[in-house]
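Numbering of the sequence shown is given in the working numbering, commencing with residue 18 and proceeding in unit increments. All C-beta atoms, glycine included, are put in the ideal place defined by N, C-alpha and C. Since the model is a prediction, treat every value here as computed from it, not as a measurement. This report refers to the structure that appears directly beneath it.
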Amino acid sequence: MQRLISAFRNSVRAFRQLIRHETAFQQEILLLALAIPLAWFVATSWHGYALLIGAVLLLIMVEVLNTGIEAACDAVSREFNIDIQLAKDCGSLAVLISIVLAGGVWGIAIIERFTGLPL
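Okay, here's the thing in structure tokens:
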């Protein structure tokens, strides 16, 4: 049980750090706050609602992992290194892919909702 409590405390500490200092994370939390009520109107089922919110949560999760990669790379060296650049670029690519995924999920849900056509 103590491990779970420690893990929770570590997670809260990370959340506080990110919400104070990481603009992308702040924007994605705002996006989640907007998505929760908006998804209620866009989704045509509970499954659809869960998928819409899940897509945004996936985006936030990938952003958190990307920030962790960047922090670890910066802790190793702030000087240019091709391997560190690749690690940071891969993290950035993962965020981009999750943005495209979330946008696609939301786009399909919006089309379904307003055209009545199941895709």
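Exposed or buried, which one is residue i when buried takes at least 16 other CB atoms within 10 Å?
{"i": "F25", "result": "exposed"}
{"i": "S23", "result": "exposed"}
{"i": "T40", "result": "exposed"}
{"i": "A72", "result": "buried"}
{"i": "F32", "result": "exposed"}
{"i": "V84", "result": "Correcting the residue identity first, residue 84 is Thr in this sequence and not Val. With 16 or more other Cβ atoms within 10 Å, it is buried."}
{"i": "S115", "result": "buried"}
{"i": "L69", "result": "buried"}
Give the DSSP-derived three-state secondary structure of residue i in the structure shown.
{"i": "L134", "result": "coil"}
Taking the alpha-carbon of residue i as reference, which of the options has the nearest alpha-carbon?
{"i": "Q44", "options": "I128, L21, A31, I77", "result": "I77"}
{"i": "A104", "options": "G120, E87, A92, V117", "result": "E87"}
{"i": "E80", "options": "I125, W63, C107", "result": "C107"}
{"i": "H64", "options": "T132, A126, C90", "result": "A126"}
{"i": "L49", "options": "A111, R130, A119", "result": "A119"}
{"i": "F42", "options": "L82, S94, F131, G133", "result": "L82"}
Quick one: which unbroken alpha helix (DSSP H) runs of 4-plus residues sit fully inside the stretch 39 to 75? Chain order, please.
40 to 59
Scan the stretch 71 to 109 and note each continuous alpha helix (DSSP H) run of 4 residues or more that stays entirely inside, going in chain order.
As far as the stretch 71 to 109 is concerned, it has no whole alpha helix (DSSP H) run of at least 4 residues.
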